[in-house]
Structure formats: C-alpha cells, structure tokens
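Asks: Dumping the structure here so I can ask a few things about it.
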Amino acid sequence: FRLYVDETGTESRTDLHDRNNRFLCLVGVAIDQDLVRSAAAMLDGLKRRHFDPHPDDAPLVFHRSDVVKGRGRFRSLQNHVLRETFGREWLTMLAELDFVVVAIMVDKLKMHHLEPTLDRSPYIYAMERMVERFVLFLDRHDATGDIMPERRQAKQNSALQDAYAAVWRNGTEAVGAASVRARLSSGELKFRGKEENIAGLQIADSLAHPCSRIIRAIADPEVRLSPFEAAIRTLLFDEKFDRHPHDRG
10 FRLYVDETGT
20 ESRTDLHDRN
30 NRFLCLVGVA
40 IDQDLVRSAA
50 AMLDGLKRRH
60 FDPHPDDAPL
70 VFHRSDVVKG
80 RGRFRSLQNH
90 VLRETFGREW
100 LTMLAELDFV
110 VVAIMVDKLK
120 MHHLEPTLDR
130 SPYIYAMERM
140 VERFVLFLDR
150 HDATGDIMPE
160 RRQAKQNSAL
170 QDAYAAVWRN
180 GTEAVGAASV
190 RARLSSGELK
200 FRGKEENIAG
210 LQIADSLAHP
220 CSRIIRAIAD
230 PEVRLSPFEA
240 AIRTLLFDEK
250 FDRHPHDRG
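Everything in the sequence shown is counted per the numbering used here, starting at 10 for the first residue and increasing by one.
See below:
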C-alpha cells in the first residue's frame, strides 16, 4: 500500500479561539500499489470528459480550491449544470475506487491547554498519529507500505522527515519500532508536489476539507454539511474510513 497525505488548516498556533484557525486535519488515502495505475486512469478519464485538456499544455491537476471556485482551467464548473454532473461523477469515482481513508484531527486550542509549555508542531503530531494508524492497518492486512506526503516548504519537509525518521527508528507509545520497520519499507518519506499530477495526492486533497468538516460536525451542531459533504460523509463511514473490522469503531 501507499499512503498519500494532504492536510487542511495550518500549523499556526495564534488566535486559536477563531474556529477557522483552531483545527488541523491530516488525511491519508491508502491505495494498493497494484491499483495506483487504475486510480490515475480514472482521474484522467474525468479530466478528458469534463475539461478536454490539450496535450501540449501542462498536466491538468485537480486542486480542490480551484475546482470548488471554478478557477483557471476549471472555470467551466461555474456552470451549475456542469458542476452538478461533475460532482456526481466524482462521487461515483470515489465509490468505485478501492482505497482506505485515515483522518487525524488536531484541536490546536486543546493541544495548547494540555501542553502549554511545549513548542510542538500540530502537523508533526498529526503525522505521528497517522503513521501509527497506517502501521496498524498494514499489520491487520499483513502488508507493507510507504508514505507520500504533499511537498511543502523545504524547512517544513525537513522537520517532517526528521520526525518520521525518529518514529521509524524508535516507534511510538502505540506501535513499537519493530512493527514500524516491519510494515514501512523505508525510513524516507516520498515527497511529491501537486504539479507532478499524482492521482493519490489529488484524491487526498479532495477529501481533506470535507473530512475536517465531517469530523467537526460530529461534536459541533453549528457545522452544517452541504449536500455534497453529506454524500461524502455517507461514503466515508460506509466504505472508506479505516475502521476496526469487528466493532467498526
């Protein structure tokens, strides 16, 4: 398996009482390596049907904020009918593609109250929890895997790689070092950028913001899901979230 990782929210720990800045959600999409080509082909089919990319242009890369706002090469989605059709086909593609979602939500305000003296990155903390969950998933399936996060700034990438390498060497409280090294094939993260047109990263990017709102809505009745987010919620809980095979927790 390969785990493609993207996030919504920032690492900033200022103005944490603002609900728009309080939460960081890290989403990982685990795809069997044998299905990666199928995922790429399905995304390419959507692009050809809806946006007719020219072969001389740079690859067309789905980026959620551009798609939602109908910006740039996605401006045709400003048409309500085309937007609805594309949304239905996107949901169908997600349902047909075999993948598992791991979502880690960090409430940065609660994190600050629990650890007020620690200068700890919420993103790195979330990634450590993500690695734990992925290792446990691989262990249940007697499989191995690696992790591909979206590339960010060089300093952030370096800090994340250092934290990941420490987990790979030492394990965590939840998973021992032997388990981590047995299930993860490398102590190196495989950073890639959006411009590299990685199907798994585009799927993770499309799910990060909805996952954040879906998780928040469980505890906060003021978070009202749109019909599209509600459809994604049903799909995630019924088929995609990594849940215990026996108690479905």
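Yeah, the Cβ is synthetic: ideal placement off N, Cα and C, and Gly gets one too.
Taking the Cβ atom as the reference point for each residue, do residue 273 and residue 159 lie within a distance shorter than 7 angstroms?
Replies: Since the first and last residues shown for the chain are 10 and 258, residue 273 lies out of range.
Asks: According to DSSP, simplified to helix, strand and coil, what is residue 52?
Replies: helix
Asks: What's the call for residue 221, buried or exposed, on a 16-neighbour Cβ count within 10 Å?
Replies: buried
Asks: Residues in its own chain within less than 7 angstroms of residue 114 by CB, not counting five upstream and five downstream?
Replies: 32, 34, 221 and 224
Asks: Let me make sure I understand the geometry here. Which of 206, 169 and 185 has the alpha-carbon closest to that of residue 52?
Replies: 206
Asks: Look at the Cβ atom of residue 155, then the Cβ atom of residue 199, and state whether they are nearer than 7 angstroms.
Replies: Yes. Within cutoff.
Asks: Starting from residue 33, trace the beta strand (DSSP E) in both directions and tell me its first and last residue.
Replies: 32-40
Asks: Based on DSSP bridge pairs, tell me the residues matched to residue 12.
Replies: Partner(s): 39 and 156.
Asks: Specify the secondary structure class of residue 116 as computed by DSSP and reduced to three states.
Replies: strand
Asks: Within 10 Å of its beta-carbon, does residue 131 have 16 or more other beta-carbons around it, so buried, or fewer, so exposed?
Replies: buried
Asks: Taking the continuous alpha helix (DSSP H) assigned at residue 92, which residues delimit it?
Replies: 89-105
Asks: Where does residue 209 sit, in a helix, a strand or coil, going by DSSP?
Replies: helix
Asks: Could you tell me whether any Cβ in chain D is nearer than 7 angstroms to the Cβ of residue 117?
Replies: Of the protein chains in the structure, only one exists, and it is not chain D.
Asks: Name the two residues that bound the continuous alpha helix (DSSP H) containing residue 186.
Replies: 186-192
Asks: In three-state terms, what does DSSP make of residue 70?
Replies: In this structure, residue 70 counts as coil in the three-state DSSP scheme.
Asks: Looking only at its chain, what residues have a beta carbon closer than 7 angstroms to the beta carbon of residue 70, apart from the 5 residues adjacent to it on each side?
Replies: Counting only Cβ-Cβ distances below 7 angstroms, and skipping sequence neighbours, we find 203, 204, 206 and 211.
Asks: I think residue 110 touches residue 146, with their Cβ atoms under 8 angstroms apart; what is that distance to the nearest whole Å?
Replies: With a Cβ gap of about 11 angstroms, residue 110 and residue 146 do not count as contacting.
Asks: Can you check whether the CB of residue 217 is closer than 7 angstroms to the CB of residue 93?
Replies: no
Asks: Between the Cα of residue 43 and those of 55, 74, 253 and 11, spot the shortest distance and give me the residue it belongs to.
Replies: 11
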